[in-house]
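2 protein chains.
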Amino acid sequence: MPAEGPRQRGQSCPCPGVQTKLPVLRWLPRYSLAWLQLDLIAGLTVGLTVVPQALAYAEVAGLPLQYGLYSSFMGCFVYCFLGTAKDVTLGPTAIMSLLVSSYAFHEPVYAILLAFLSGCIQLAMGLLHLGFLLDFISCPVIKGFTSAASITISFNQVKNILGLQGIPRQFFLQVYETLRRIGDTRAGDAVLGLACLAALAGLRAMKSHLPQTARTEPLAARVSYLIVWTSATARNALVVLFAGLVAYSFQVMGSQPFMLTGSIPQGLPAFRLPCFSMTAPNGTIPFRSMVEDMGVGLAVVPLMGLLETVAIAKAFASQNDYRIDPNQELLAMGFANILGSFVSSYPITGSFGRTAVNAQSGVCTPAGGLVTGALVLLSLAYLTSLFYYIPKAALAAVIISAVVPMFDAGIFRMLWRVKRLDLVPLCVTFLLCFWEVQYGIVAGVLVSGVLLLYSIARPPIKVLEGDVLLVQPQSSLHFPAIECLRDTVCNRALAASPPRFVILDCSHISSIDYTVVVGLAELLQELRKRGLSLAFCSLQDPVLQVLLSADLEGFQHFPSREEAERCRGAEPGGGGAAPLASTSESSLLPAGLIQ
Amino acid sequence: MPAEGPRQRGQSCPCPGVQTKLPVLRWLPRYSLAWLQLDLIAGLTVGLTVVPQALAYAEVAGLPLQYGLYSSFMGCFVYCFLGTAKDVTLGPTAIMSLLVSSYAFHEPVYAILLAFLSGCIQLAMGLLHLGFLLDFISCPVIKGFTSAASITISFNQVKNILGLQGIPRQFFLQVYETLRRIGDTRAGDAVLGLACLAALAGLRAMKSHLPQTARTEPLAARVSYLIVWTSATARNALVVLFAGLVAYSFQVMGSQPFMLTGSIPQGLPAFRLPCFSMTAPNGTIPFRSMVEDMGVGLAVVPLMGLLETVAIAKAFASQNDYRIDPNQELLAMGFANILGSFVSSYPITGSFGRTAVNAQSGVCTPAGGLVTGALVLLSLAYLTSLFYYIPKAALAAVIISAVVPMFDAGIFRMLWRVKRLDLVPLCVTFLLCFWEVQYGIVAGVLVSGVLLLYSIARPPIKVLEGDVLLVQPQSSLHFPAIECLRDTVCNRALAASPPRFVILDCSHISSIDYTVVVGLAELLQELRKRGLSLAFCSLQDPVLQVLLSADLEGFQHFPSREEAERCRGAEPGGGGAAPLASTSESSLLPAGLIQ
Chain A
1 MPAEGPRQRG
11 QSCPCPGVQT
21 KLPVLRWLPR
31 YSLAWLQLDL
41 IAGLTVGLTV
51 VPQALAYAEV
61 AGLPLQYGLY
71 SSFMGCFVYC
81 FLGTAKDVTL
91 GPTAIMSLLV
101 SSYAFHEPVY
111 AILLAFLSGC
121 IQLAMGLLHL
131 GFLLDFISCP
141 VIKGFTSAAS
151 ITISFNQVKN
161 ILGLQGIPRQ
171 FFLQVYETLR
181 RIGDTRAGDA
191 VLGLACLAAL
201 AGLRAMKSHL
211 PQTARTEPLA
221 ARVSYLIVWT
231 SATARNALVV
241 LFAGLVAYSF
251 QVMGSQPFML
261 TGSIPQGLPA
271 FRLPCFSMTA
281 PNGTIPFRSM
291 VEDMGVGLAV
301 VPLMGLLETV
311 AIAKAFASQN
321 DYRIDPNQEL
331 LAMGFANILG
341 SFVSSYPITG
351 SFGRTAVNAQ
361 SGVCTPAGGL
371 VTGALVLLSL
381 AYLTSLFYYI
391 PKAALAAVII
401 SAVVPMFDAG
411 IFRMLWRVKR
421 LDLVPLCVTF
431 LLCFWEVQYG
441 IVAGVLVSGV
451 LLLYSIARPP
461 IKVLEGDVLL
471 VQPQSSLHFP
481 AIECLRDTVC
491 NRALAASPPR
501 FVILDCSHIS
511 SIDYTVVVGL
521 AELLQELRKR
531 GLSLAFCSLQ
541 DPVLQVLLSA
551 DLEGFQHFPS
561 REEAERCRGA
571 EPGGGGAAPL
581 ASTSESSLLP
591 AGLIQ
Chain B
1 MPAEGPRQRG
11 QSCPCPGVQT
21 KLPVLRWLPR
31 YSLAWLQLDL
41 IAGLTVGLTV
51 VPQALAYAEV
61 AGLPLQYGLY
71 SSFMGCFVYC
81 FLGTAKDVTL
91 GPTAIMSLLV
101 SSYAFHEPVY
111 AILLAFLSGC
121 IQLAMGLLHL
131 GFLLDFISCP
141 VIKGFTSAAS
151 ITISFNQVKN
161 ILGLQGIPRQ
171 FFLQVYETLR
181 RIGDTRAGDA
191 VLGLACLAAL
201 AGLRAMKSHL
211 PQTARTEPLA
221 ARVSYLIVWT
231 SATARNALVV
241 LFAGLVAYSF
251 QVMGSQPFML
261 TGSIPQGLPA
271 FRLPCFSMTA
281 PNGTIPFRSM
291 VEDMGVGLAV
301 VPLMGLLETV
311 AIAKAFASQN
321 DYRIDPNQEL
331 LAMGFANILG
341 SFVSSYPITG
351 SFGRTAVNAQ
361 SGVCTPAGGL
371 VTGALVLLSL
381 AYLTSLFYYI
391 PKAALAAVII
401 SAVVPMFDAG
411 IFRMLWRVKR
421 LDLVPLCVTF
431 LLCFWEVQYG
441 IVAGVLVSGV
451 LLLYSIARPP
461 IKVLEGDVLL
471 VQPQSSLHFP
481 AIECLRDTVC
491 NRALAASPPR
501 FVILDCSHIS
511 SIDYTVVVGL
521 AELLQELRKR
531 GLSLAFCSLQ
541 DPVLQVLLSA
551 DLEGFQHFPS
561 REEAERCRGA
571 EPGGGGAAPL
581 ASTSESSLLP
591 AGLIQ
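So the sequence lines, in the order shown, correspond to chains A and B. By the UniProt record's numbering, the letter at position 453 of the first sequence is numbered 453, and the numbering carries on one by one without gaps. By the UniProt record's numbering, the letter at position 275 of the second sequence is numbered 275, and the numbering carries on one by one without gaps.
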């Protein structure tokens, strides 16, 4: 997969379009037994995680429980064929469920229609190649998001470990309630949960300290190595199964110290178009008024879904360093939601927790999704009776051990050392994510955008004082920067008496826009008024073309700084290499008012 | 004034703070009789324009007519002391009146409170030095705004020239209605209006073709020159007075072929705090609920006022090339609105039309505002009876002849020649301004911002193929650009077989952020995985510091391109100048998940 990474991006793709639009073709031919084994384990583990999560999230969304499961398989299937990130798993998530609850009015019909429309919008974005927007999610923002999410998600599971019920979803209320009711902890759940956590931690440690085996070693060693390795990699599945057995045996003995997943309504959803109208007690609600009811939700849901997916995909892509194709991700999301709506799914997106579980279990290709999806379908059809016995504490342990490593305390120290300014978007995102993840990400992106624009509006300008004043902008000039440059030049040039000959070294300027041209024209005029002359030097070709096409009055340019200094005697506004156009002045002034 | 220009900006101001905060101190000491003469003429002309405009705009704002005049003098006084642009005149405007009408519910109390609160908000922005935001209004946006405004404002006056009444304000409706009812044209108004237009055009032409006089010429010549010059400069006032006399004589003769300004209620407004509550038929409305009623208006009104003023100030500043201090403009606006609210003014801002008249009349300092303000006060106190006779057609002619020159058809050709991409913000602004000026400006700013961000996300990258691959970004690297750079390097490096030694020439990179550092770290890893090595060369010092502080694994750098090429044999990831930090990998990966 990594090898393919760099070839997956739009503008620079040497491989046929089919492979780009259908990433499955890229890994399927190279699919091996080793991969299959890992994908099976991962898919199974994620499957065992998604089923109870789906039920929980359906509750959050205010829908009947089975809708959680209906939303959990189509995403996996679609993503397997269209997705470009091996770890990402689409499905119901906490944030999306919250949004759905506020836009679907606890009505499955609304939720399904919302999924359909969101899918269409995301698909449109993908087809319009708006994926480059992804580049504007900077690393500190992703860091802040992942770190905060790991804390919220894992704390969200603490209540299951302690066997507490009726804890609110909002993070701060959750913390308060959990601490307040710490006394009500159920011994059974706590013991099991902590045991599972310990087991998972131990198995992971074991895996990371596993020595490499050489072919030279005796068979026994290699076999035992394989066993340890497998159990360590499949640890999530193992722990869940083990906990399930324990719970079952207690059940058989007639006592039950654990909170169990409980019974799940059985049967597959029908495959049909979503309803575009709804029969309410007081007559049918037409499509138009349903859309009006959802209102802003039709913008928020698809965008948030996108933001979450791409942020997660980006994070995991660079963890396991492969590259994702943003536009392809949009398409996958879109199709997943549209097809999902055909099987009564509510809007889905990339799940942070399950994607982490997936990666932790060492998934190799999106094929893992097939296993997950199949497991969900099976569970809907037959296995609900088995899932009944899964203790919630065990699943909580799986999720916690998956997301805790996402928290990276080092990043704060790192940014302090490398680039302090980047601490601002990091902290903004990190802190706001505890309030609402979507606000955190959006605010982070905005803050880093503002910092970016500011650095463009105030580029570093090197000034060498002397009998000749040499001014050298250290980067390209964009329109917000020209005022600042004009001020620098004017103030420095007029500070000295007699005013000096000014040389503008443009070696670092690769492109300029019209506003900059106008600013330079005004600068030339302003200096000439004061009997000063300004010479340009080391102009890159495109910049020179633009300046010549604008025929600035009194524009002189020289190939190098030295030659410019040599001609410092030249009378102000004197010809130099530039044509003197008497019209240029009036045609260049911003307001163009001179008559 | 121009000489002072460059010294007026915040960050680079060598002159004492008092002069910056009180610009009047900058020009008052140098005030001369010649200036006084011109300021008098300009102030008078603007005064004669503002009075009837104020009445018209008060009607637009849905307030009793006298409130238009109450809003017309305080702005002039305040700006005279605090303003940094000699041409700008603050007062009621069409756009602001429209906004007021939608947020003040035809209630003076609301309008005045709105003015007070808007002033406070603008003052706060000024004190927080948010003036640099002004730099993000690019030249094409100003061009589009001024050109569109000149068309709408002048067409808005056509109805007065034709003597049509009851024409809607919205531009397109206005055009439709005016054309539909062209038959109802009143001969008297049309004749007078066109005559005034012709006279104004003639006088302007005369002025622009006026030859310079030398001391050597005979007195007669110099005197006649002075007469011609004065009448040409004071043409607006002359035309209005002349038209007034004509209308008066007709009145005396008992027939009136013209639409007159009509009678204006007399008397000065009281100077008192605005009311913070309102007595309605059904009990008093408290401050809080008044604020709630105005709601979003409290954001829209101050911001639009600001946007308009700064756009206009910027346009005229660069027409008559002097510089404005954005933050000072905010302060002036804020004080003008706050003090205005003490004399029952509704929110005011820079008036495009009157500012043009002011500039056309050759105003030299903001002192012109004192005359205008005084004239308004006088008119309120005594002169309303005289203004009665001013024909609307004559004032329409003055405004039209002032704003028509603002339309600059050349800009389209100019941008096509110099920088085609800038035609996009220009056209967006220009076209949308016909719908709603505020939408036009906002959309234009957004579009140019998007283009700016895109050019940063996709910087020009020069690639020299050879047995060594040399990659040179042409401008600084900001976080949105790193993905693009990574792809370019990877694709080019892997395209060749055997893969090549890569040199990244950083001579044009003046600063990098953490995201870029991470991207480079991943790039190093990616290339090393494929047995390639990447060397950095010509690093600027700050950039080198950042890269060293991040201790990238396998980071090698060389002072020059040649030295880098010399060492191309170096084994991939080999030490070079960089410390090999085994921790760096995990601490640098965005998701930081590697355990």
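Glycine included, C-beta positions come from ideal geometry on N, C-alpha and C. Please read all numbers here as calculations on a predicted model, not as lab measurements.
Kindly indicate which residue of the options has the alpha-carbon position closest to the one of residue i.
{"i": "A/Arg528", "options": "A/Ser102, A/Ser549, A/Glu553, A/Trp435", "result": "A/Glu553"}
{"i": "B/Ile153", "options": "B/Phe434, B/Ser560, B/Cys196", "result": "B/Phe434"}
{"i": "B/Ser476", "options": "B/Val463, B/Tyr382, B/Asp505", "result": "B/Asp505"}
{"i": "A/Ser385", "options": "A/Pro559, A/Asp551, A/Gln266, A/Leu241", "result": "A/Gln266"}
{"i": "B/Leu162", "options": "B/Arg180, B/Ala149, B/Arg186, B/Phe171", "result": "B/Arg186"}
{"i": "B/Arg530", "options": "B/Thr93, B/Ser560, B/Cys490, B/Val191", "result": "B/Cys490"}
{"i": "B/Ala443", "options": "B/Leu453, B/Ile456, B/Leu426", "result": "B/Leu426"}
{"i": "B/Ala85", "options": "B/Leu210, B/Asn236, B/Pro23", "result": "B/Pro23"}
{"i": "A/Phe430", "options": "A/Ile151, A/Leu48, A/Leu82, A/Ala34", "result": "A/Ile151"}
{"i": "residue 596 of chain A", "options": "A/Pro459, A/Val463, A/Val428, A/Arg458", "result": "A question about residue 596 of chain A goes unanswered here, because the residues of chain A that appear run from 1 up to 595."}
{"i": "A/Tyr248", "options": "A/Leu90, A/Ile112, A/Thr261", "result": "A/Thr261"}
{"i": "A/Gln472", "options": "A/Leu133, A/Ile509, A/Tyr57, A/Leu82", "result": "A/Ile509"}
{"i": "A/Asp184", "options": "A/Leu200, A/Ile167, A/Phe171", "result": "A/Ile167"}
{"i": "A/Trp35", "options": "A/Val363, A/Ser448, A/Leu48, A/Gly353", "result": "A/Val363"}
{"i": "A/Ile456", "options": "B/Asp467, B/Lys207, B/Ile512", "result": "B/Ile512"}
{"i": "B/Pro274", "options": "B/Glu177, B/Leu203, B/Glu107", "result": "B/Glu107"}
{"i": "B/Ser263", "options": "B/Ser379, B/Ile285, B/Arg288", "result": "B/Ser379"}
{"i": "B/Leu38", "options": "B/Leu226, B/Val291, B/Val404", "result": "B/Leu226"}
Sort out for me which residues DSSP pairs residue i with in a bridge.
{"i": "A/Phe558", "result": "A/Cys537"}
{"i": "B/Asp505", "result": "B/Cys537"}
{"i": "B/Val428", "result": "According to DSSP, which records beta bridges pairwise, B/Val428 is partnered with nothing at all."}
{"i": "B/Val468", "result": "B/Phe501"}
{"i": "B/Ile482", "result": "None, per the DSSP bridge assignment."}
{"i": "B/Pro460", "result": "None; B/Pro460 has no bridge partner."}
{"i": "A/Pro473", "result": "A/Ile461"}
Quick one: does the C-beta of residue i sit closer than 6 Å to a heavy atom of the ligand SAM?
{"i": "B/Val228", "result": "The ligand content of the structure shown is nil, which means the ligand SAM is not present either."}
Stretch-stretch touch, CB-based, cutoff 8 Å, three pairs: the segment 359-368 of chain B with the segment 26-45 of chain B: As far as the Cβ criterion goes, the segment 359-368 of chain B touches the segment 26-45 of chain B, which means the pair count is three or higher.
Runs of alpha helix (DSSP H) wholly within the segment 137-208 of chain B (minimum 4 residues, chain order): As far as the segment 137-208 of chain B is concerned, its whole alpha helix (DSSP H) runs of at least 4 residues are 139-162, 171-180, 187-208.
Contact the segment 376-394 of chain B vs the segment 340-349 of chain B: 3+ CB pairs below 8 Å: No, the segment 376-394 of chain B does not touch the segment 340-349 of chain B.
Touching by the beta-carbon criterion (3+ pairs, under 8 Å), the segment 216-236 of chain A and the segment 156-167 of chain A: Too few Cβ pairs lie closer than 8 Å, so no.
Whole runs of the alpha helix (DSSP H) within the segment 294-346 of chain A, excluding any shorter than 4 residues: Runs of the alpha helix (DSSP H) inside the segment 294-346 of chain A: 297-319, 326-342.
Inter-stretch contact (C-beta, 8 Å, three-pair minimum) for the segment 409-421 of chain A and the segment 313-331 of chain A: No, the segment 409-421 of chain A does not touch the segment 313-331 of chain A.
Every unbroken beta strand (DSSP E) inside the segment 229-292 of chain B [3 residues or more]: You should have 278-280, 283-285.
Segments of 4+ residues assigned as alpha helix (DSSP H) that fall wholly inside the segment 348-403 of chain A: You should have 352-360, 368-378, 384-387, 392-403.
Residues, ordered as in the chain, of the segment 419-447 of chain A that lie near chain B by beta-carbon distance below 8 Å: For the segment 419-447 of chain A, residues whose beta-carbon sits nearer than 8 Å to a beta-carbon of chain B comprise Lys419, Leu421, Asp422.
Residues in the segment 549-569 of chain A having any Cβ partner in chain B nearer than 7 Å: Near chain B, meaning a CB-to-CB distance below 7 Å, the residues of the segment 549-569 of chain A are Ser549, Ala550.
Complete alpha helix (DSSP H) runs within the segment 47-127 of chain B (minimum length 4 residues, chain order): Whole alpha helix (DSSP H) segments, 4+ residues: 66-82, 94-103, 108-127.
At least three beta-carbon pairs within less than 8 Å, the segment 400-409 of chain A to the segment 64-81 of chain A: No, the segment 400-409 of chain A is not in contact with the segment 64-81 of chain A.
Cβ contact (3+ pairs, closer than 8 Å) linking the segment 300-312 of chain A and the segment 333-345 of chain A: A contact between stretches requires three or more CB pairs, one per stretch, nearer than 8 Å, and the segment 300-312 of chain A meets this requirement with the segment 333-345 of chain A.
Members of the segment 128-148 of chain A near chain B, C-beta cut-off 7 Å: Considering only beta carbons, the part of the segment 128-148 of chain A lying closer than 7 Å to chain B consists of Phe132, Asp135, Phe136, Ser138, Cys139, Pro140, Ile142, Lys143, Thr146, in chain order.
Segment contact, 8 Å Cβ cut-off, at least three pairs: the segment 116-125 of chain B with the segment 62-74 of chain B: The segment 116-125 of chain B, when compared against the segment 62-74 of chain B, does not touch it at the 8 Å Cβ threshold.
Interface residues of the segment 391-418 of chain B facing chain A [CB-CB below 8 Å]: Listed by position along the chain: Pro405, Met406, Asp408, Gly410, Ile411, Met414, Leu415, Arg417, Val418.
Short-range partners of chain A found in the segment 342-356 of chain B, where Cβ spacing is below 7 Å: Those residues of the segment 342-356 of chain B that come within reach of chain A (Cβ to Cβ, closer than 7 Å) do not exist; the list is empty.
Residues from the segment 459-484 of chain A in contact with chain B, defined by Cβ distance under 7 Å: Sequence-ordered contacts of the segment 459-484 of chain A with chain B read Pro460, Gln474, Ser475, Ser476, His478, Phe479, Pro480, Glu483 [C-beta pairs closer than 7 Å].
Validate contact between the segment 194-201 of chain B and the segment 392-402 of chain B using beta carbons, cut 8 Å, 3 pairs: In short, these stretches touch, since the Cβ pair count reaches three.
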